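Under the UniProt record's numbering, residues 1 to 158 are what the sequence shown spells out, in order.
Even glycine gets a Cβ: it sits at the ideal position worked out from N, Cα and C.
Every value quoted in this text rests on a predicted model; they were computed, and no experiment measured them.
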Amino acid sequence: MLESRTRLVAAAYLVLRRGDEVLLQLRQGTGYRDGHWALLAGHVERDESVLDAAVREAAEEAGVTVTVEDLEPLTTVHRFEVDGPPIEQRVDFFFAAHTWSGEPGVREPHRTADMRWFSLDELPEPVVPHELEVLRALATGKVPAVLAIRMDDPEEHY
């Protein structure tokens with residue numbers, strides 16, 4: 001009998017907010033969605049909370065200091081495949097921060113070609129698809145507590 005349980009891989013995402021603008025970085029050299037604009041994000045490491053991961057990624061990728069108290073929970077995204085391999089699925093924790101210290105800038109040039117502020121109403125193309133769904137919801141002011149997205153059919157949302 002095949003194992004029916006899945007392994008969830010957790011990641012933390014940070015939406016730095018400056019009024020109606022968000023900070024995005026252009027991915028390069030990562031092997032995943034290179035050439036796409038993306039939020040500050042990364043996998044949760046061993047012995048680390050999702051909150052700590054969001055704080056760490058802000059420092060590593062943009063050189064800014066965000067505290068756990070600065071983090072505002074936005075949504076959780078569950079990414080999965082129907083009839084896909086049951087071994088691994090994704091759970092993404094999205095946070096926003098309106099305050100931080102330091103000036104955001106590219107800190108990992110081997111992974112980031114550019115970093116800029118964009119209005120939620122004028123996002124660049126392309127944006128990593130599941131991140132785009134969260135940003136679109138944020139623009140409307142109607143961000144669901146949980147969003148499930150099929151990786152094999154990104155237009156299918158729950």
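- Scanning the UniProt domain "Nudix hydrolase" (5-140) for uninterrupted beta strand (DSSP E) segments of 3 residues or longer gives 7-18, 21-27, 40-43, 72-80, 88-97, 112-119, listed from N- to C-terminal end.
- In this structure, the alpha-carbon of P104 lies about 31 Å from that of Q89.
- Following the DSSP letters along the chain, one finds V146 inside the beta strand (DSSP E) bounded by residues 146-150.
- Each of L8, L23, V9 was checked against the Cα of T99, and the nearest Cα belongs to L23.
- Taking 8 Å as the cut-off, the beta carbon of S119 is found no closer than this to the beta carbon of D34.
- Contact check for E133 against E61 fails: the beta carbons are separated by 8 Å or more.
- Relative to D70, the option among A96, H130, H36 whose CA is nearest is A96.
- Under a 10 Å Cβ-count criterion, H130 is classified as buried, with 16 or more other Cβ atoms of the shown protein chains found around its own Cβ.
- Counting only residues of its own chain and dropping the five nearest sequence neighbours on each side, T30 has a CB closer than 8 Å to the CB of R111.
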